[in-house]
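Chemist: When you read off a place in the sequence shown, starting at 1, and then add 111, the result is the number in the numbering used here.
All C-beta atoms in this analysis are idealised placements derived from N, C-alpha and C, irrespective of residue type, glycine included.
Starting off with a structure, shown below.
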Amino acid sequence: MKRIAMITGVNGQDGSYLSEFLLSKDYEVHGIIRRHSTICTQRIDHIINNSSFKDKFFLHYGDLTDSCSLAELIRKIKPTEVYNLAAQSHVGISFEVPEYTAEATGVSTIKILEAIRQNKPDCRFYQASTSELFGGIPSTVPQSETTPFYPKSPYGAAKLYSYWITVNYREAYNMFACNGILFNHESPRRGEEFVTRKITIAVAKIMAGKQDKLSLGNLNAKRDWGYAGDYVEGMWLMLQQDKPDDYVLATNETHTVREFVEAAFEEVGIKIEWRGSGIDEKGYDSKSGKLLVDVNPKYFRPAEVELLLGDPSKAEKQLGWKRKVKFRELVKIMMISDTKTITPPLMTD
Ligand code: NAP
Ligand code: GDD
């Protein structure tokens, strides 16, 4: 049978890695992009411009908030698998655009599920669920498929709806619908407003003399950070099983934002020395004494998820999935990439 995948959010971080992965497995891939006033396909340009994918990779305009376009796309493409990756995916920004986040990250999921149910009910469905669902119960770690949910943001609450409507369509209509409850995963393609990429870009710019210091919010937050390239394989594995189910993908390791900062600076030979506490905490170059990191309350969130640490043992056992890239290697990959892109200014007379 011809394998046809439809990916919403194809030009996001995960969409780009998943496209590469599925094309390597000989899928026909249909990516959904929304219209921008400028072209925003940087993460998939290498696929678009690769002539060997000319008859395998297709882009279509659509929008998560527009059920007409989603239904028409399902009718036209007739996918065998849909990966619903599109979302307003920034937790901090969801406090600023809460209603839009509810629409794009929550209600949109039922639009896609209904479009599948009515037009291609045998199509398998992957929902990009998240560790943000666990949010507010830090005592329950590591978090697994059986940990109670307690979202702490408009983003988390919208994803909670998407999680349950996916379970509901599986149970009510016998659809092959799965939730991947993914913990944070990063890469050189990570959006620049997420903390890891903000840090690696800043360190590269500081080294190139293009930025003075890095300003951050909560340095104590702990995250279970993996590599996006590893996680897209897990998404695909979920849809290859005999029965639909929900799975956690995580590394089972957690690190503070502060540790990520230290590791990124270590990659360029700088040891950070911390002085002060709370909003007065600052990070200095231990050799030169130069101020490199400070805290700016504008990056604090109205409510914060303090600790995420995932237990991926169900996915490891049932899917045979295992993350390959470890924390320090991830920081290194991102630092190498940003250091290459951000070069020092040319010397002029
Ligand atoms: P991302 O880089 O922010 O990509 C999100 C994608 O969604 C972008 O391509 C974006 O398009 C698209 N999108 C947003 N609003 C849309 C709309 N109204 N209509 C159509 N497309 C829209 O996110 P990611 O890191 O790849 O994450 C993929 C999914 O996994 C998201 O649902 C995210 O919430 C979830 N997730 C991510 C992580 C993680 O750590 N990365 C962990 C758990 C779950 P534009 O490029 O046009 O903006
Ligand atoms: N973005 C950002 N910017 N975060 C900061 C900053 C800053 O300047 N300073 C500290 N942080 C802290 C945040 O408060 C949070 O505790 C942590 O760094 C990680 O923030 P993000 O990188 O923005 O990611 P996130 O954990 O909120 O959300 C990501 O992971 C979720 C899975 O757990 C996103 O990819 C979500 O879409 C995803 O669901």
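Determine the contact status of SER132 and VAL416, defining contact as a CB-CB distance below 8 Å.
Modeler: It is Phe, not Ser, that sits at residue 132 in the sequence shown. Taking 8 Å as the Cβ cut-off, PHE132 and VAL416 do not qualify as a contacting pair.
Chemist: Can you give the Cα-Cα distance for LYS451 and LYS321, rounded to whole angstroms?
Modeler: One C-alpha to the other measures close to 14 Å.
Chemist: When you measure from the CB of THR307 to every non-hydrogen atom of the ligand GDD, does any distance come out below 7 Å?
Modeler: Yes, the beta carbon of THR307 sits closer than 7 Å to at least one heavy atom of the ligand GDD.
Chemist: If THR311 and TYR266 are in contact, beta carbons under 8 Å, what's the gap, nearest whole angstrom?
Modeler: The pair is not a contact, with the Cβ atoms about 23 Å apart (cut-off 8 Å).
Chemist: Sorted by chain position, which residues of the same chain lie with C-beta nearer than 8 Å to ILE444's C-beta, five sequence neighbours on each side aside?
Modeler: Here the set comprises SER298, PRO299, TYR338, VAL436.
Chemist: Please name the residue, chosen from CYS289, ILE144, SER219, that lies closest to GLU192 on a Cα-to-Cα basis.
Modeler: Ranking the options by Cα distance to GLU192, first place goes to CYS289.
Chemist: Note the first and the last residue of the continuous beta strand (DSSP E) segment covering HIS147.
Modeler: First-last for HIS147: undefined, no H or E at that position.
Chemist: Give the C-beta separation of LYS316 and THR367 to the nearest angstrom, bearing in mind that I take them to be a contact with Cβ-Cβ under 8 Å.
Modeler: The Cβ separation is near 22 Å, so there is no contact.
Chemist: Alpha helix (DSSP H) containing LYS270: first to last residue?
Modeler: Its alpha helix (DSSP H) spans residues 265-284.
Chemist: For ALA197, I'd like the list of residues in its chain whose CB is within less than 6 Å of its CB, leaving aside the five on either flank, ordered along the chain.
Modeler: Contacts found: THR119, GLY120, LEU175.
Chemist: So, using beta-carbon positions, are TYR280 and TYR237 closer together than 8 Å?
Modeler: In this structure, TYR237 does not lie closer than 8 Å to TYR280 by Cβ.
Chemist: Does DSSP put MET349 in a helix, in a strand, or in coil?
Modeler: Of the three classes helix, strand and coil, the one that applies to MET349 here is helix, per DSSP.
Chemist: Need the endpoints of the alpha helix (DSSP H) that LYS393 sits in, please.
Modeler: Not the alpha helix (DSSP H): LYS393 falls in the beta strand (DSSP E), residues 393-396.
Chemist: Relative to the ligand NAP, is the shortest distance from any of its heavy atoms to the C-beta of CYS151 smaller than 7 Å?
Modeler: Within the cutoff, so yes.
Chemist: Helix, strand or coil for HIS201, going by three-state DSSP, please let me know.
Modeler: Coil at HIS201, not helix or strand.
Chemist: Is it the case that the segment 123-140 contacts the segment 159-170, given that we only count it when at least three CB pairs across the two stretches are under 8 Å?
Modeler: Yes, the segment 159-170 touches the segment 123-140.
Chemist: Report yes if the C-beta of SER242 is less than 7 Å from at least one heavy atom of the ligand GDD; otherwise report no.
Modeler: Because some heavy atom of the ligand GDD lies under 7 Å away, the Cβ of SER242 counts as near it: yes.
Chemist: Under three-state DSSP, which class holds ASP460?
Modeler: Since pLDDT at ASP460 reaches only 47, below the 50 mark, its modelled position is unreliable, and no value is offered.
Chemist: With C-beta atoms as the reference, is GLU392 less than 8 Å away from LEU325?
Modeler: No; because the gap between Cβ atoms is not below 8 Å, this pair is not in contact.
Chemist: Apply the 10 Å Cβ neighbour rule to GLY345 and answer buried if 16 or more other Cβ atoms are within range, or exposed otherwise.
Modeler: Buried: at least 16 other Cβ atoms inside 10 Å.
Chemist: Just the Cα atoms here: how many angstroms apart are GLY328 and LYS409?
Modeler: Taking the straight line joining both Cα atoms gives about 7 Å.
Chemist: Could you tell me the alpha carbon to alpha carbon distance between ILE185 and LYS113, rounded to whole angstroms?
Modeler: C-alpha separation (whole angstroms): 16 Å.
Chemist: Does the Cβ of ARG114 lie closer than 7 Å to at least one heavy atom of the ligand FMN?
Modeler: By its list of ligands, the structure shown excludes the ligand FMN, since it contains just the ligand NAP and the ligand GDD.
Chemist: Can you grab the Cα-Cα spacing for the pair ASP449 / ALA313, in whole Å?
Modeler: Going by the C-alpha atoms only, they are around 9 Å apart.
Chemist: Throw me the rounded Cβ distance for the LEU293 and LEU350 pair, which I believe falls under 8 Å.
Modeler: That belief does not hold up - the Cβ atoms of LEU293 and LEU350 are roughly 14 Å apart, past 8 Å.
Chemist: Look up ILE248 in the DSSP assignment and say whether it is helix, strand or coil.
Modeler: Correct three-state label for ILE248: coil.
Chemist: When you compare each of GLN254, ILE381, SER205, VAL202 to THR365 by their alpha carbons, which one comes out closest?
Modeler: Taking only the C-alpha atoms, the option nearest THR365 is GLN254.
Chemist: With CYS179 as the anchor, note down where its alpha helix (DSSP H) starts and where it stops.
Modeler: 178-188 is the extent of the alpha helix (DSSP H) around CYS179.
Chemist: Assuming PHE287 and ARG228 form a contact by the criterion Cβ under 8 Å, report the distance between their Cβ atoms to the nearest whole angstrom.
Modeler: So it is not a contact: roughly 12 Å between Cβ atoms.
Chemist: Using a 10 Å radius around the Cβ and a threshold of 16 neighbouring Cβ atoms, would you call LYS270 buried or exposed?
Modeler: Answer is buried; the Cβ neighbour count reaches 16.
Chemist: Give me the Cα-Cα distance between GLU256 and TRP336, rounded to the nearest whole angstrom.
Modeler: Going by the C-alpha atoms only, they are around 18 Å apart.
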